[in-house]
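Peer 1:
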């Protein structure tokens, strides 16, 4: 009997970042494969199959990395845009792409075949993102980049950190964001308006 593991995702216009939440995973026992329209994850009794995907991906540029508390999988989109969901609703087939952009076949591409290249691929991706990172330019990407940054923090946080983020952001009216539950859990988080401004209650 197989079990679907807990998972979550966030996306950019270029790729989907999927986190499979499993601790202590042995990288040698992980089986991940991609086709133009599907992604499949297997580890022991756990199995996650996404098919058909919301839109087509490039199997050769997709990959994964095994961490201590999760397995990170990235799906490279063939066409830029937001999916909203991982799979197509109602059995709709993913939109087709021009033949010139398609791969020779739709056979699964075993991820382990390219596993030794993932570290380099990840470094390349991080290098590209660094050019427009918030650390280098606070205005880089605007709200979309900031939201993406918060999504990454939330996706990699444990349950207490997520509770802290939600409580601090909500109670402070969006003026504070904390991942420290030991501190946030002690009481209500105060509104902390920017310097030179004051908080007002609206009736």
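Residue numbers (our numbering): 30 to 232.
For each residue, glycine too, the CB sits at the ideal point set by N, CA and C.
Note that the structure is predicted; figures quoted are calculated from it, not measured.
1. Considering just the uninterrupted stretch of the alpha helix (DSSP H) at residue 200, what are its terminal residues?
2. For a test of the three-state rule: what should DSSP assign to residue 89, helix, strand or coil?
3. Under the rule that 16 or more other beta-carbon atoms within 10 Å means buried, what is residue 92, buried or exposed?
4. Provide the residue(s) that pair with residue 46 in DSSP beta bridges, ordered along the chain.
5. In terms of residue numbering, what span does the beta strand (DSSP E) encompassing residue 64 cover?
6. On the criterion of 16 or more Cβ atoms from any shown chain inside 10 Å, does residue 51 qualify as buried, or is it exposed?
7. Do residue 106 and residue 43 have their beta-carbon atoms positioned less than 8 Å apart in this structure?
8. Identify, in the order they occur along the chain, each residue of the same chain with its Cβ nearer than 7 Å to the Cβ of residue 200, setting aside the five sequence neighbours on each side.
Peer 2: Let me lay it out:
1. 188-200
2. Helix, per DSSP.
3. Answer is buried; the Cβ neighbour count reaches 16.
4. DSSP output for residue 46 lists 39 and 103 as bridge partner(s).
5. For residue 64, the enclosing beta strand (DSSP E) has its first and last residue at 60-64.
6. buried
7. yes
8. 217 and 218
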